[in-house]
Amino acid sequence: MEYPEFFDIIRTSWRGIIAASPLGVLHHKLWRLQYALRRWNKQRIGDLPVKVREAHIQLAQTLQEEQGDISSMDWLQVRIATNRLTALQRQLETFWAQRAQTKWITEGDRNSAFFHTRVQRRRARNRITVLSTADGKKLDNSPEISNHAKQYFSSHWAASVSAPALLPPTLLTQRIGADQAEKLIAPFTEAEIESAVRRLPPNRAPGPDGFSGEFYKAFWPIIRGDVIRAIHHFHQTAQLPPSWGSTHVVLIPKNSSPSTLKDYRPISICDTKYKLIAKLLVMRLKKLLPVLVGQEQGRQEAIAEKATEKLLKGWRHGNLPHSILREGWY
211 MEYPEFFDII RTSWRGIIAA SPLGVLHHKL WRLQYALRRW NKQRIGDLPV KVREAHIQLA
271 QTLQEEQGDI SSMDWLQVRI ATNRLTALQR QLETFWAQRA QTKWITEGDR NSAFFHTRVQ
331 RRRARNRITV LSTADGKKLD NSPEISNHAK QYFSSHWAAS VSAPALLPPT LLTQRIGADQ
391 AEKLIAPFTE AEIESAVRRL PPNRAPGPDG FSGEFYKAFW PIIRGDVIRA IHHFHQTAQL
451 PPSWGSTHVV LIPKNSSPST LKDYRPISIC DTKYKLIAKL LVMRLKKLLP VLVGQEQGRQ
511 EAIAEKATEK LLKGWRHGNL PHSILREGWY
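For the sequence shown, this note's numbering assigns the number 211 to the initial residue and increments by one for each residue that follows.
The structure is reproduced here in structure tokens:
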């Protein structure tokens, strides 16, 4: 940690009392901490590229002033200037590495220019400048593209208002027992919650609140109590505030030259607190999936290919009409 006072800022902000449900307390404490960190960043860190340039100039001036006989005091000034420049370069490097979402870094190298280039290239690649509609119309300005994307995905992913069709009981042959059901709905233990926090993947883009999995791991001793209380409250009420479901929706190209919205796959970048609850539910369900889901129902491509090949071979030797449809494959 480059700044020793960082822990104190988080600890002080987190101690403030908030009158709300445990879920609301966690949400508002994160929001308040986000504001405090932004203010601290502006006052304490400022513009890193400018500070790096200033540190370069200061080191050059110090070396120029100390030409000739260099005393121990002179060497101390040079060392101070060098250490300051090195620390600022490391911070700038970390900043661009996070912006570039690159998962590796060569220790000892100054990769700021590399990561800056990665960010610029990624922005250019991900920016949608031209889009074609279903009727062939070209859209080339941001408002039109934005409205078209909103209408397209709203209609494509709109929830059906009709009642869901019930499966015949004869198809539901796999069931869990009473003991398994009791374990499935049991309250989450502190050990389960801490295990889920440790399993949060690193170097993932944060959601709208800006806090990544690394934050939860690094400051777990400070935020632990509120996180556990919020998760227990969710388990008791089976409800989440609308604010917990806020996401960044990002369109990922399916090919190298996307032209219509069918060529993009939408993904939602959720807050880490939301991911944490989802991970806890997955950890519970994962133990029962082999009992309920057949091997051919998974998403492994190799198994799906074998099942499809076997199905096609059976059709070749039969007289029944058949067809294969592919629609909305995401």
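Idealized CB from N, CA, C, for every residue including glycine. Just so you know, these numbers come straight off a predicted model, no measurement behind them.
**Prompt:** Apart from the five residues on each side of it in sequence, which residues of its chain come closer than 7 Å, Cβ to Cβ, to Ala230?
**Reply:** His238
| query | What whole-angstrom Cβ distance do Leu410 and Thr482 have, given they're in contact under 8 Å? | reply | 7 Å
Give the C-beta separation of Gly226 and Arg242 to the nearest angstrom, bearing in mind that I take them to be a contact with Cβ-Cβ under 8 Å. 7 Å
Whole-angstrom distance between Ser467 and Thr343, CA atom to CA atom:
15 Å
Notebook entry, point to check: For Trp250, which residues of its own chain have a beta-carbon under 6 Å away from its beta-carbon, when the five flanking residues on both sides are left out?
Noted result: Ile219
Q. Leu341: buried (16+ other C-beta within 10 angstroms of its C-beta) or exposed?
A. buried
query: To which residues of the same chain is Trp314 closer than 8 Å at the C-beta, ignoring the five residues directly before and after it?
result: Legend: pLDDT at Trp314 = 40, less than 50; position of this residue unreliable, no value from coordinates given.
With DSSP as the reference, please indicate the residues paired to Tyr474 in a beta bridge. Pro463
Q. Is it a yes or a no for the stretch 456-470 touching the stretch 425-443, going by three-plus beta-carbon pairs under 8 Å?
A. no
Stretch-stretch touch, CB-based, cutoff 8 Å, three pairs: the stretch 398-415 with the stretch 483-494 = yes
Any alpha helix (DSSP H) of 4 or more consecutive residues that is wholly inside the stretch 352-435: 352-366, 388-394, 400-408 and 423-428
>> By the three-class DSSP mapping on this structure, what secondary structure does Leu499 have?
In response: helix
In whole angstroms, what separates the C-alpha of Lys472 from that of Lys464?
9 Å
Contact set for Leu502: own chain, Cβ-Cβ below 6 Å, skip 5 residues either direction
Gln384
From Asn357, Glu515, His445 and Ser365, pick the residue whose C-alpha is nearest to that of Ala396; which is it? His445
Query raised in the report: Using the rule of at least 16 other Cβ atoms within 10 Å of the residue's Cβ for burial, across every protein chain shown, is Ser422 buried or exposed?
Result: buried
- Are the beta-carbon atoms of Pro418 and Gly234 separated by less than 9 Å? no
* Assuming Tyr484 contacts Trp454 under a Cβ cut-off of 8 Å, what Cβ separation, rounded to an integer in Å, is found between them? -> 5 Å
_Close-in-space but distant-in-sequence residues of the same chain around Gln244 (CB under 8 Å, 5 per side omitted)_ = Asp419, Gly420 and Phe421
Specify the secondary structure class of Leu341 as computed by DSSP and reduced to three states. strand
Practice item. Determine which residues share a DSSP beta bridge with Met479 and list them. Key: Per the sequence shown, the amino acid found at residue 479 is Ile instead of Met. His458, per the DSSP bridge assignment.
**Study point:** CA-to-CA distance, His366 to Asn413, given in whole angstroms
**Key:** 31 Å
- Message: DSSP three-state label for Leu522, please.
- Response: helix
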